[in-house]
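Notes follow once the structure below has been shown.
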Amino acid sequence: MNPALPFGLGYILGRKGWVKNKFLKDSIYVVETNIDDMNPVIYETVIEKLYKTGALEVFLVPVQMKKIRPGILLTVLIPKDKLKKIAEILLKETTSFGIRYYEVKRLKLIRKKSADNSGHDKIGMNIGYMGRELVKISPEYRDCRRIASKRNTPLKNIIW
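The numbering of the sequence shown is my numbering, which starts it at 213 and goes up by one.
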């Protein structure tokens, strides 16, 4: 099945039965490693390389390691076809000797992109639908940041 096609796990029971196509469904890998002995300045380079290689999300969470040492749980969400390259980055660029990975399923809103041309600056908009119901609109962060810088105004004034 094409992961970009709508598929309804979020079915709604109605008088005529189940209503499909409420969400997009796909699956990705979650890749994790615990690190307790790496200079923190290295994380920036590692994270940049992970994103350049196709990571969807990268995040760091403080954790308690064995022997009561503080550590970091480095988590990377990736498309399944990126596992080998992401594993190589984590094992070469960090002090970790191993990684964990597992598959997770996702449900996502049906997403469309648009642009708001009000005023003199163009702002990209992410529009989320649950089936045909509009449930959220969100401006593109980078566009808002660019406009705030250009106008010398706080970012919060552009976003909200």
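C-beta atoms are modelled at their ideal positions from N, C-alpha and C, and glycine is treated no differently.
Let me know if residue i comes out buried or exposed under the rule of 16 or more other beta-carbons within 10 Å of its beta-carbon.
i: Tyr353; result: exposed
i: Gly226; result: Residue confidence is low: Gly226 scores 42 on pLDDT, short of 50, so the model does not pin down where it sits. Its coordinate-derived value is still stated next. So Gly226 counts as exposed.
i: Leu346; result: exposed
i: Tyr263; result: exposed
i: Lys294; result: buried
i: Val273; result: exposed
i: Val270; result: buried
i: Leu221; result: Here the model assigns Leu221 a pLDDT of 37, short of 50, so the residue's position is not dependable, and the following value carries that caveat. Under this definition Leu221 is an exposed residue.
Taking DSSP's pairing of strands, which residues face residue i in a bridge?
i: Ser361; result: In DSSP, Ser361 forms no bridge with anything.
i: Asp355; result: Answer is none; Asp355 lacks a bridge partner.
i: Leu289; result: Val242 and Glu269
i: Gly283; result: Val275
Pick helix, strand or coil for residue i, following the three-state DSSP scheme.
i: Leu319; result: strand
i: Lys234; result: coil
i: Val258; result: helix
i: Asn369; result: helix
i: Ile381; result: There is no way to answer for residue 381, as the model of the chain reaches only from 213 to 372.
i: Ile298; result: helix
i: Lys348; result: strand
i: Lys334; result: coil
Pop quiz: residue i and residue j are said to be a contact at Cβ under 8 Å. What is the actual Cβ separation, rounded to whole angstroms?
i: Ile259; j: Ser308; result: Not quite, the Cβ-Cβ distance comes to about 14 Å (not below 8 Å), so this is no contact.
i: Ile301; j: Thr245; result: At roughly 11 Å, the Cβ-Cβ gap does not stay under 8 Å, so Ile301 and Thr245 are not in contact.
i: Leu268; j: Leu289; result: 4 Å
i: Lys325; j: Phe235; result: Not quite, the Cβ-Cβ distance comes to about 18 Å (not below 8 Å), so this is no contact.
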